[in-house]
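Residue numbers (this note's numbering), protein chains in the order written: chain G, 7 to 455; chain Z, 4 to 41. Heads up, the beta-carbon is just placed ideally off N, CA and C, and yes, glycines get one too. Remember, predicted model here, so these are calculated numbers, not experimental data.
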């Protein structure tokens with residue numbers, strides 16, 4: 007393994023995840039004293055560590071803080087809202103350990119969920135969430151130290167983790183055994199093939215990256231590259247599909263329809279409302295094009311290309327159809343962001359190198375379907391055909407900017423009020439003057455009449 | 004031997020025939036179909 011200090015055994019973390027893209031990939035953790043075993047969803051798109059603190063119809067177990075002698079309540083209520091679903095819990099601290107992770111016990115912030123909506127889903131086998139993004143996203147404030155920050159701080163491991171998700175080509179919902187690996191503190195060479203290509207993290211909140219270009223069947227989608235990054239492009243293990251901004255999604259579907267050799271495709275398939283099923287003797291994957299995503303390289307004048315074969319985005323789904331194989335479209339539209347979710351991540355070993363502020367991609371050792379490798383990485387490519395900056399900054403993203411904006415708006419309002427008052431005052435004087443009748447004014451008034 | 008000679012008769016890559024339209028089927032769990040959105 008590639009830990010230079012040799013203090014961590016990365017090999018013990020291989021195959022420490024279970025699950026699938028539809029219901030998420032989860033890690034087993036032991037929480038509290040005596041330890042309570044929980045399965046925790048790995049989410050690189052949020053920053054809170056939370057576990058069910060009460061029973062819920064969709065889960066079978068929960069963390070009972072009253073049974074833990076090491077639990078320290080912080081008496082703070084916290085609510086986290088996701089793209090879909092939310093939960094409310096109480097903040098506290100407790101010790102955790104990882105049966106297949108970094109050795110030792112660590113004191114970390116935990117939210118005990120007592121109320122949730124659309125967060126726990128039917129048939130999931132996890133009871134909590136491990137947010138691995140930056141503290142900027144932590145709720146109720148960035149002062150709540152995220153799980154991985156605490157781990158790096160207390161165990162002095164390198165500030166890097168990597169993830170392999172092994173559901174490519176597996177029917178969903180899968181059997182969820184030995185479905186992937188979360189390597190905390192480094193990179194495990196047995197989990198990838200070829201070179202690792204790195205793209206900069208453009209801002210440390212989500213794992214935000216810069217997408218430069220899309221190709222479908224080798225043809226450039228030819229949209230302005232700022233559209234690909236509106237309002238952000240992120241790498242998120244807690245999102246099942248590849249989510250594309252509306253404009254990109256429509257262009258992508260048009261390009262796939264034109265390139266695919268399949269006749270009369272049902273429009274509802276693209277919207278995710280229907281599955282497409284073919285006779286078991288037919289293999290639809292041969293009839294769809296490859297999709298490529300170009301990311302900016304750490305050398306900003308270069309880029310590299312992630313290629314997804316149809317096996318990654320035309321996803322097999324288990325149904326009760328005896329003679330048919332059914333598939334769903336692994337790409338959906340998004341009003342708010344481009345999300346490189348499990349659809350893409352299942353093709354690659356993804357390295358979240360926080361120390362060097364970059365995300366790495368390499369072809370995953372488990373991205374194989376029927377002996378075919380379903381992902382590719384190629385580069386370097388030039389960037390002369392795209393803008394030098396494809397990210398349109400949103401100045402109101404930072405809380406401080408909101409405060410400044412409100413202050414300026416209040417100031418403008420006060421100035422406007424003063425101006426209105428000043429405008430009204432002379433008018434009143436003028437009216438008073440008009441009402442004062444003397445010979446001269448009366449004469450003038452009559453003349454005007 | 005027949006297969007080998009057939010390979011020589013068709014040295015070019017032949018593009019696949021158009022595939023028949025798919026049978027649309029509603030997902031078993033429509034609500035859960037898109038998966039996670041965290």
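Under the three-state reduction of DSSP output, residue 282(G) falls in the strand class. For residue 154(G), the enclosing alpha helix (DSSP H) has its first and last residue at 153-161. Within the same chain, Cβ atoms closer than 6 angstroms to the Cβ of residue 221(G) are found at 298, the five residues on either side in sequence being excluded.
Neighbours of residue 327(G) in chain Z, taken as residues at a C-beta separation under 7 angstroms, are given in chain order as 28.
With respect to chain Z, the C-beta atom of residue 62(G) has no partner C-beta closer than 8 angstroms.
At a cut-off of 8 angstroms between beta-carbon atoms, residue 276(G) makes no contact with chain Z. The Cβ atoms of residue 361(G) and residue 198(G) lie no closer than 8 angstroms to each other.
Contact between the stretch 231-249 of chain G and the stretch 342-356 of chain G is established, with three or more Cβ pairs separated by less than 8 angstroms. Contact annotation: in the stretch 19-45 of chain G, residues whose CB is within less than 8 angstroms of a CB in chain Z are 27, 28, 29 and 30. Between residue 244(G) and chain Z, the shortest Cβ-Cβ separation is below 8 angstroms. If you compare the alpha carbons of 117(G), 317(G), 325(G) and 328(G) with that of residue 378(G), the shortest gap goes to 317(G). Only buried fits residue 333(G), as 16 or more other CB atoms lie within 10 angstroms of its CB. Assignment of residue 409(G) by DSSP, reduced to helix, strand and coil, places it in the helix class.
Pairwise C-beta distances place the stretch 117-133 of chain G out of contact with the stretch 156-171 of chain G, as fewer than three of them are shorter than 8 angstroms. For the pair residue 363(G) and residue 207(G), the CB atoms are nearer than the 8 angstroms cut-off. Distance check between residue 29(G) and each of 247(G), 191(G), 168(G) and 120(G) places 247(G) closest, using alpha-carbon atoms only. In the structure shown, residue 419(G) falls within a helical segment according to DSSP collapsed to helix, strand and coil.
Closer than 8 angstroms to the CB of residue 89(G) there is at least one CB belonging to chain Z. A buried status is given to residue 315(G), since no fewer than 16 other beta-carbon atoms sit within 10 Å of its beta-carbon. Taking the Cβ atoms as the reference, residue 143(G) lies roughly 18 angstroms from residue 169(G), outside the contact range of under 8 angstroms. Where residue 355(G) is concerned, the enclosing beta strand (DSSP E) starts and stops at 354-359.
In the three-state reduction of the DSSP assignment, residue 132(G) falls in the coil class. The residues 266, 316 and 320, in chain order, have a CB closer than 6 angstroms to that of residue 294(G) in the same chain once the five nearest residues on each side in sequence are set aside.
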